[in-house]
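First the structure, in the form of structure tokens, and then the observations on it.
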Amino acid sequence: MRRTPVKLSTLPPTIRTILSNVQSQSASSPNSSSNQSSSSNSNNDKINVNGWIKSIRTHKNVSFLEINDGTSGTSLQAVLKGKGKSDGLTNGTSVSLIGELKKSRGQGQDYELSVEDVKVLGECDSEAYPIQKKSLPSSILRENAHLRFRTSQTAAIMRIRDALMRDWHDWFEENQFTHIHTPILTESDCEGAGEVFTLLDKCQASGESSSSSSLSKSSSSSSIISGSDFFPHPVHLTVSSQLHLEAPTHSLLRTYTLSPSFRAEPSLTSRHLSEFYMLEGELGFLNNLNELLNLIENGIQFTIGNILNKNSKRGERIRKDLKIIQQQINNEKEELNSINSLNDNDNLNYLNEIISKPFKRITYKEALNLIKENYKKDKLIITNWGEGISTENEKWLTNYFNGPLFVTHYPKSIKPFYMLPTTTTTITTNSTTTNEEIKEETVECFDLLFPNIGEMAGGSLREYRLKNLINSLEKNKMNLKDYEWYIDLRKFGSIPHGGWGMGWERWISFITGISNIKDVVAYPRWKGHCKY
Numbered sequence: 000m001r002r003t004p005v006k007l008s009t010l011p012p013t014i015r016t017i018l019s020n021v022q023s024q025s026a027s028s029p030n031s032s033s034n035q036s037s038s039s040n041s042n043n044d045k046i047n048v049n050g051w052i053k054s055i056r057t058h059k060n061v062s063f064l065e066i067n068d069g070t071s072g073t074s075l076q077a078v079l080k081g082k083g084k085s086d087g088l089t090n091g092t093s094v095s096l097i098g099e100l101k102k103s104r105g106q107g108q109d110y111e112l113s114v115e116d117v118k119v120l121g122e123c124d125s126e127a128y129p130i131q132k133k134s135l136p137s138s139i140l141r142e143n144a145h146l147r148f149r150t151s152q153t154a155a156i157m158r159i160r161d162a163l164m165r166d167w168h169d170w171f172e173e174n175q176f177t178h179i180h181t182p183i184l185t186e187s188d189c190e191g192a193g194e195v196f197t198l199l200d201k202c203q204a205s206g207e208s209s210s211s212s213s214l215s216k217s218s219s220s221s222s223i224i225s226g227s228d229f230f231p232h233p234v235h236l237t238v239s240s241q242l243h244l245e246a247p248t249h250s251l252l253r254t255y256t257l258s259p260s261f262r263a264e265p266s267l268t269s270r271h272l273s274e275f276y277m278l279e280g281e282l283g284f285l286n287n288l289n290e291l292l293n294l295i296e297n298g299i300q301f302t303i304g305n306i307l308n309k310n311s312k313r314g315e316r317i318r319k320d321l322k323i324i325q326q327q328i329n330n331e332k333e334e335l336n337s338i339n340s341l342n343d344n345d346n347l348n349y350l351n352e353i354i355s356k357p358f359k360r361i362t363y364k365e366a367l368n369l370i371k372e373n374y375k376k377d378k379l380i381i382t383n384w385g386e387g388i389s390t391e392n393e394k395w396l397t398n399y400f401n402g403p404l405f406v407t408h409y410p411k412s413i414k415p416f417y418m419l420p421t422t423t424t425t426i427t428t429n430s431t432t433t434n435e436e437i438k439e440e441t442v443e444c445f446d447l448l449f450p451n452i453g454e455m456a457g458g459s460l461r462e463y464r465l466k467n468l469i470n471s472l473e474k475n476k477m478n479l480k481d482y483e484w485y486i487d488l489r490k491f492g493s494i495p496h497g498g499w500g501m502g503w504e505r506w507i508s509f510i511t512g513i514s515n516i517k518d519v520v521a522y523p524r525w526k527g528h529c530k531y
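Under numbering that gives the first Met the number 0, residues 0 to 531 are what the sequence shown spells out, in order.
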């Protein structure tokens, strides 16, 4: 016999629920007067509101509290009538209020809570509380990451991260992808670049000082279990879930994950973190790179379309949070530089432009030629064949084409071992100063460049032929034993397949307009900084 789920009616209502309910009731009875509305059952009943005080305005016989519980960017004004009713209340104090919801006579809100009882749940020392001001430099907030969730901007960013994740989950489900929880501990280095965090080695644990990129597990007696004691071989933190996604793709056809990745690169730029999230997808029976590009473009336009959809409640919440963020950016021009041009009129032109036209597609060779043709006029640094395209040149390319851009078919020599070589050989010049022609093999890959961001995503068709994969591993001087399981995928029912990965924090950065990805993640980690 099926049991009825436990009801949640005993939970106190959130501010988001309270305001949503009263707005729905007002919409369903638009002809009712304000007085009739205020005497309705919804407004006349006592309600319980829990939250934190965001601001206090105290007058002679009345105080106004701005209460927020984080479920949305909209706060509820609470009115305390009577002298001294707000004594002892400070910004940051958590409270439980009992009162009646009434039509507001003031500007800025439709409804307010007429408070009859105030219970302080948690005091907040106004002298010591570091999140007093409405606007604080991002550098200070990063040093107080455990408290910066209480700022309107960080709370809005976290809600947007959540909403965008749900939109992508919806898109993957609609396209029959299966979500996979991939491992964090691995013996493989997906990129082959060696920028991995390795579990603490035994000799480091017992002797000299351990490096900041090592990991240890300490017990109450301060003993250390090293990686070599716990595992029979070196173990790393994953740099990408790609290899582990390829395995289930040989059975489940289309798979994806949104998982943490770790890279021990020393970059201290606004675009790099040591710990970040990657949205990665793999799909089988894929023979054409353009099919992969079409899929990714569709996913991006689907999720942005949801933000702009006037009939989407989730999209409406995102748009409201984007306004909160933009208002904060405008207040902190010196510290937080806006990437995109949002304004108070809900101008989301930068998002409309993304979905208004197809993404441009050019090859790596074509990109280099464009840079060479314009480097004097636009003061660019020439990129030679076999070199990566710099971030500055990536941004220039997106400006040149006025939108997102797929750059495809990079040289095999600068790409990872698992990428499928292009069937035709590219002939190019060896440098910008000679006309010497060389034959250079390219691979079926792409980088997706976004305005003001640079590389947003990257992917490729995968080498699915056994002998070719082994040759590629050997050529890249990779240890075949470490990749035995990956080679097995080519031994037993291998299929043409491909996939991609997108930096989640860069995606959030583009959507929100926050220029530094350290400010769009809950607990940022970068070289020299791992607090909390």
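Cβ coordinates follow ideal geometry from the N, Cα and C atoms, glycine included. All values derive from a computational prediction rather than experimental measurement.
Could you tell me if ASN467 is buried or exposed, where buried requires 16 or more neighbouring beta carbons within 10 angstroms of its beta carbon?
Exposed is the label assigned to ASN467, since fewer than 16 other Cβ atoms lie within 10 Å of its Cβ.
For the segment 355-413, list the beta strand (DSSP E) runs that are entirely contained and at least 3 residues long, ordered along the chain.
Listed in chain order, they are 359-362, 404-407.
Distance check for GLU454 and LYS585, CA to CA, integer angstroms please.
Nothing about residue 585 can be read from this structure; the chain reaches only from 0 to 531.
Just checking my contact of MET85 with SER62 at CB under 8 Å: how many whole Å lie between their CB atoms?
As written in the sequence, residue 85 is Ser, which differs from the Met given in the question. Indeed they touch by this definition, with Cβ atoms about 4 Å apart.
Cα separation between SER266 and HIS178?
Just so you know, the alpha carbons of SER266 and HIS178 end up roughly 31 Å apart.
How far does the alpha helix (DSSP H) with ASP116 in it extend, from its first residue to its last?
For ASP116, no alpha helix (DSSP H) run applies; the uninterrupted beta strand (DSSP E) run containing it begins and ends at 110-121, by DSSP.
Let's test the definition: count the other Cβ atoms within 10 Å of the Cβ of ASP44 and tell me whether it reaches 16, buried, or not, exposed.
With fewer than 16 other Cβ atoms from the protein chains shown falling within 10 Å of its own Cβ, ASP44 counts as exposed.
In whole angstroms, give me the CA-to-CA distance for ASP166 and ILE317.
Taking the straight line joining both Cα atoms gives about 11 Å.
State buried or exposed for CYS529, treating a residue as buried only when at least 16 other CB atoms are found within 10 Å of its CB.
By the 10 Å Cβ count, CYS529 comes out exposed.
Buried or exposed by the 16-neighbour rule on C-beta atoms within 10 Å, applied to GLU207:
The predicted model places GLU207 with a pLDDT of 46, which falls under 50 and marks its position as unreliable, so this point remains unresolved.
Look at the alpha carbon of VAL520 and the alpha carbon of SER239, and state the distance between them as a whole number of angstroms.
When only Cα atoms are considered, VAL520 and SER239 end up about 18 Å apart.
Considering only DSSP beta bridges, list what ASN67 is partnered with.
Within the DSSP bridge table, the entry for ASN67 names TRP51 as partners.
In chain order, each alpha helix (DSSP H) run of at least 4 residues that lies wholly inside the segment 268-332
Whole alpha helix (DSSP H) segments, 4+ residues: 288-307, 312-330.
Check whether the segment 88-103 touches the segment 47-63, taking contact to mean three or more Cβ pairs, one atom from each stretch, closer than 8 Å.
Between the segment 88-103 and the segment 47-63 there are three or more C-beta pairs closer than 8 Å, enough to call the two in contact.
Taking the alpha-carbon of ILE66 as reference, which of SER54, LYS59, HIS58 has the nearest alpha-carbon?
Distance from the Cα of ILE66 is smallest, within the candidate group SER54, LYS59, HIS58, for SER54.
Beta-carbon proximity check, THR254 vs ILE183, cutoff 8 Å
Pairing THR254 with ILE183 gives a Cβ-Cβ distance that is not under 8 Å.
Helix, strand or coil: which one does DSSP assign to SER337?
Any reading at SER337 is ruled out, since the residue's pLDDT is 49, under 50, leaving its predicted position unreliable.
Quick test of your reading: GLY502 and GLY458, contact by CB under 8 Å. State the CB separation rounded to the nearest angstrom.
In this structure, GLY502 and GLY458 do not form a Cβ contact; the two beta carbons are roughly 12 Å apart against a cut-off of 8 Å.
How should GLU440 be labelled, buried or exposed, when 16 other C-beta atoms within 10 angstroms of its C-beta is the threshold for buried?
Label assigned to GLU440: exposed.
On the three-state DSSP scale, how would you describe LEU100?
Assignment of LEU100 by DSSP, reduced to helix, strand and coil, places it in the strand class.
Please report the distance separating the alpha-carbon of GLU391 from that of LEU447.
Computed Cα separation, rounded: 15 Å.
Check whether the Cβ atoms of PHE301 and TRP506 lie closer than 8 Å to each other.
Cβ atoms of PHE301 and TRP506: not closer than 8 Å.
Cβ-based neighbour list, GLU504, same chain, cut-off 6 Å, excluding 5 preceding and 5 following
Apart from sequence neighbours up to five positions away, the residues of its chain that approach GLU504 with a beta-carbon distance below 6 Å are PHE275, ILE516, VAL519, VAL520, ordered along the chain.
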